[in-house]
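Report on the following structure.
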Amino acid sequence: MNHHVKLWDCHSLPCISKTLPSAIKRWNSLSSSSEFPKKQMAMAKEWLLWLSVVAAWYSDATSAVDPFSSRSQIPERITGVSPIHNGQVCSTWGKFHYKTFDGDVFQLHSTCNYVLTSSCRSYYNDFNIQIRRGEDGDHHTIKNIIMKLEGSVVELSVGSVVVNGKSVILPYSQAGVLIERSPTYIKIKAKLGLFALWNEEDSFLVELDPKYKNQTCGLCGDFNGVYNEFFSHGVKISPVDFANFWKMNGPTESCSDYTLESTQSCNYMRPLCEQILTGPAFSSCHSLLDVASFTSACVADLCHCGAGGSEQLEPACLCNTVSELSRQCSHAGGQPQNWRTKELCCEFTQYTLLMEYSM
Numbered sequence: 003m004n005h006h007v008k009l010w011d012c013h014s015l016p017c018i019s020k021t022l023p024s025a026i027k028r029w030n031s032l033s034s035s036s037e038f039p040k041k042q043m044a045m046a047k048e049w050l051l052w053l054s055v056v057a058a059w060y061s062d063a064t065s066a067v068d069p070f071s072s073r074s075q076i077p078e079r080i081t082g083v084s085p086i087h088n089g090q091v092c093s094t095w096g097k098f099h100y101k102t103f104d105g106d107v108f109q110l111h112s113t114c115n116y117v118l119t120s121s122c123r124s125y126y127n128d129f130n131i132q133i134r135r136g137e138d139g140d141h142h143t144i145k146n147i148i149m150k151l152e153g154s155v156v157e158l159s160v161g162s163v164v165v166n167g168k169s170v171i172l173p174y175s176q177a178g179v180l181i182e183r184s185p186t187y188i189k190i191k192a193k194l195g196l197f198a199l200w201n202e203e204d205s206f207l208v209e210l211d212p213k214y215k216n217q218t219c220g221l222c223g224d225f226n227g228v229y230n231e232f233f234s235h236g237v238k239i240s241p242v243d244f245a246n247f248w249k250m251n252g253p254t255e256s257c258s259d260y261t262l263e264s265t266q267s268c269n270y271m272r273p274l275c276e277q278i279l280t281g282p283a284f285s286s287c288h289s290l291l292d293v294a295s296f297t298s299a300c301v302a303d304l305c306h307c308g309a310g311g312s313e314q315l316e317p318a319c320l321c322n323t324v325s326e327l328s329r330q331c332s333h334a335g336g337q338p339q340n341w342r343t344k345e346l347c348c349e350f351t352q353y354t355l356l357m358e359y360s361m
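Each position in the sequence shown, counted from 1, maps to that position plus 2 in this note's numbering.
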């Protein structure tokens, strides 16, 4: 599978936003309703003020795409991942979000070590990937990744790549494992049928060969094409209970995990997320991905933004999930347009998108 997506440099984008879009004005009126608590309304007002300077997204460096224009026609909610996406992709990003191979999206707020995915149906494990996430206030990262790939052990952390206990210089190729660095990603390709991308920040994506269907375990699920990860012996369980099966912390290690508050009180933010994720910049994505799942993740991000006590909202709260939708869409064969401007998420990363890889 080959992916070639235009590389956008935010510095080439002019700022032409001068007016408050009518859609935001309507939403502003809605959020002013007495039914919203004062603190939530204040946070909503801050977002409206911040977004008022973003009246246009860009399909290229000179033509504008208005994110707050009428939403694109979207097919009915997809009950599984797109056939083009093959159901072969698992990912984690942003504020502890995870998407299984089969399309379940959940949030697991934990800095513990977990099995992300592993081959589990044979005596010999072809691969095993463990991951530990971290956080510093509202800044969320992936601290380290350990990949056991048919006899090779690859350890990834920011600024470091270690193979079989020795630091290596990229590109590296040996024993059926290729590791390369692009401007925005570290890419790992294993001959056994595994491909992975890490942006050295918050996002990690792994793709498996279809031969591993119904043979995996871990946070990425069983890869059987069915939304059934959160059931145990026929009983529905929480994401935390599901994750506990795959927690791998050693006896001397310490970590933190807790259940986030319900996002039900933040449903007033859903129209904002929908306006962005269902906008024209992502029109090619709507038939490929379950956009509703990313919308829920976006609402959760905004709801928990500033949960440490500050009411100041960081742009990253919104940017992580929008970025992930763009990555997932590209991987599924879509062509998301450039959606960043100087004001919207440009400072969040050096480039808008780089997806030039093959498997």
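Glycine included, C-beta positions come from ideal geometry on N, C-alpha and C.
Best match in the options for proximity to residue i [C-alpha to C-alpha]
| i | options | result |
| --- | --- | --- |
| F296 | T323, H288, S258, C114 | T323 |
| G89 | L172, V160, D104 | D104 |
| R342 | E231, C319, A283, N216 | A283 |
| Q176 | N166, S240, C122, P273 | N166 |
| I144 | L151, D204, I190 | D204 |
| N269 | S298, P253, M250 | S298 |
| A192 | P185, R272, Q266, L180 | L180 |
| S289 | Y214, S240, C331 | C331 |
| L158 | N340, D138, E182 | E182 |
| W95 | G336, E326, Q337 | E326 |
| Q109 | K215, A302, S328, R329 | A302 |
| S285 | E255, G236, P338, S184 | P338 |
| H1 | N340, G281, V293, M271 | Only positions 3 to 361 of the chain appear in this structure, which leaves residue 1 out of reach. |
| I133 | M250, I239, N340 | M250 |
| D138 | H235, K238, Y126, H111 | H111 |
Run of the alpha helix (DSSP H) containing residue i, from where it starts to where it stops
| i | result |
| --- | --- |
| N146 | It is not in any alpha helix (DSSP H) - N146 instead sits in the beta strand (DSSP E) that spans 141-151. |
| L279 | 272-279 |
| F232 | Here F232 belongs to no alpha helix (DSSP H), and DSSP marks it neither H nor E. |
| V242 | 241-246 |
| V155 | Element bounds for V155: not the alpha helix (DSSP H) but the beta strand (DSSP E), 154-159. |
| H306 | 293-306 |
Any non-hydrogen atom of the ligand ATP within 8 Å of residue i CB
| i | result |
| --- | --- |
| V155 | The ligand ATP is absent from the structure shown, which contains no ligand whatsoever. |
Proximity below 9 Å, CB of residue i to CB of residue j
| i | j | result |
| --- | --- | --- |
| C222 | T113 | no |
| V107 | H99 | yes |
| C321 | L304 | no |
| D224 | V242 | no |
| V117 | W200 | no |
| C275 | A334 | no |
| D128 | L194 | yes |
| K101 | I131 | no |
| V155 | I147 | no |
| Y174 | V163 | yes |
| C122 | Q266 | no |
| R135 | H141 | no |
| N115 | C347 | no |
| L291 | G336 | yes |
| G178 | E152 | yes |
| G227 | K215 | yes |
| F389 | E255 | Residue 389 is absent from the model: the chain starts at 3 and stops at 361. |
Run of the beta strand (DSSP E) containing residue i, from where it starts to where it stops
| i | result |
| --- | --- |
| L180 | 179-183 |
| A198 | 196-200 |
| H99 | 99-101 |
| G105 | G105 -> no beta strand (DSSP E), and no H or E assigned at all. |
| N115 | 115-121 |
| F206 | 206-210 |
| F129 | 129-138 |
| V170 | Here V170 belongs to no beta strand (DSSP E), and DSSP marks it neither H nor E. |
| V165 | 162-165 |
Identity of the residues DSSP links to residue i by a beta bridge
| i | result |
| --- | --- |
| W95 | H99 |
| C321 | DSSP output for C321 lists no bridge partner at all. |
| K191 | L180, F197 |
| S112 | D259 |
| C219 | S120 |
| V237 | S234 |
| K249 | Y116 |
Interface flag, residue i vs chain B, CB-CB below 9 Å
| i | result |
| --- | --- |
| F296 | No chain B appears in the structure shown, which is made up of a single protein chain. |
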